[in-house]
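**Student:**
In this note's numbering, the protein residues as written are 4 to 224.
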């Protein structure tokens with residue numbers, strides 16, 4: 004049942020989402036501060052209460068779009084950037100990482116939008132499984148294989164330039180989700196009406212849950 008999905012989520016994954024909430028909204032949860040929280044709505048209320056900024060009913064997504072477009076225009080040749088624009092057209096593969104680092108500098112925060120390709124990811128999974136199977140043949144070879152796998156995985160993660168989001172719109176959604184306060188034109192403000200949805204989006208992405216499983220009455224335990 005959908006109303007049981009949040010309750011059945013892995014505690015470590017929930018904690019990871021809570022850390023993302025702290026980063027996105029510039030807040031901190033005290034030790035054991037959330038131990039009495041029972042519902043998703045109660046959590047959202049606490050998040051909102053900890054944001055001590057001026058409430059301004061302006062759209063964060065719209066402001067994030069303008070910030071991103073301004074940053075991109077400095078480093079790309081495209082004169083027309085819309086929400087439907089493809090990042091692959093604005094960030095050519097050969098210079099993608101270099102351009103994006105400059106864009107992040109303009110934005111004032113890091114936004115991880117690149118990673119390894121599906122082909123490389125699949126190859127690494129197969130290599131990992133092969134390393135585990137090697138334990139049944141030669142333990143020494145298996146250990147060496149696992150070390151090599153770890154090094155290759157780390158290298159692929161650092162150098163991969165395959166876009167994980169495809170359009171400007173998807174990038175804006177990621178911005179507002181992961182860096183909500185810094186995505187606003189004035190980081191001394193927030194839109195109180197947006198908090199529930201933004202917290203919900205972090206849980207959707209972090210726990211792979213549908214929005215229907217994250218109503219105010221959804222329980223954690």
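Ideal Cβ positions, reconstructed from N, Cα and C, are used throughout, including at glycine.
#1: If you measure from the CB of residue 97, is any heavy atom of the ligand PLP nearer than 7 angstroms?
#2: My output table needs one value for residue 222: the three-state DSSP class, helix, strand or coil.
#3: Can the beta-carbon of residue 106 be found closer than 8 angstroms to that of residue 151?
#4: Restricting to Cα atoms, I'd like to know which of 37, 65, 142 is closest to residue 171.
#5: Measuring straight from C-alpha to C-alpha, what distance separates residue 179 and residue 149?
#6: With a 10 Å radius around its C-beta and 16 neighbouring C-beta atoms as the bar for buried, classify residue 14 as buried or exposed.
#7: For the alpha helix (DSSP H) containing residue 178, name the first residue and the last one.
#8: For a quick check, are the C-beta atoms of residue 164 and residue 72 less than 8 angstroms apart?
#9: What is the DSSP secondary structure of residue 165, counted as helix, strand or coil?
#10: Quick check on this structure: which residue in 55, 31, 40 has the alpha carbon closest to the alpha carbon of residue 193?
#11: Measuring CB to CB, does residue 217 end up less than 8 angstroms from residue 203?
#12: Taking the C-alpha atoms as reference points, what is the distance between residue 181 and residue 120?
#13: Determine which residues share a DSSP beta bridge with residue 193 and list them.
#14: Quick check on DSSP: helix, strand or coil for residue 79?
#15: Among residues of its own chain, excluding the 5 on either side of residue 10, which ones have a beta-carbon nearer than 8 angstroms to its beta-carbon?
#16: Here's the rule I'm using: 16 or more other beta-carbon atoms within 10 Å means buried, otherwise exposed. How should residue 52 be labelled?
#17: Which two residues bound the contiguous alpha helix (DSSP H) that contains residue 42?
**Tutor:** Checking against the coordinates, here is how it stands:
#1: Only the bare structure without any ligand can be found here, which leaves the ligand PLP out of the picture.
#2: strand
#3: no
#4: 65
#5: 37 angstroms
#6: exposed
#7: 171-181
#8: With respect to the 8 angstroms criterion, residue 164 and residue 72 are not classified as neighbours on the basis of their beta carbons.
#9: strand
#10: 55
#11: yes
#12: 22 angstroms
#13: Under DSSP, residue 193 shares a beta bridge with 58.
#14: Of the three classes helix, strand and coil, the one that applies to residue 79 here is coil, per DSSP.
#15: The beta carbon of residue 10 sits closer than 8 angstroms to those of 221, 222, 223, 224, all from its chain and outside the five residues before and after it, given in chain order.
#16: By the neighbour-count rule (16 or more Cβ atoms within 10 Å), residue 52 is not buried but exposed.
#17: Here residue 42 belongs to no alpha helix (DSSP H), and DSSP marks it neither H nor E.
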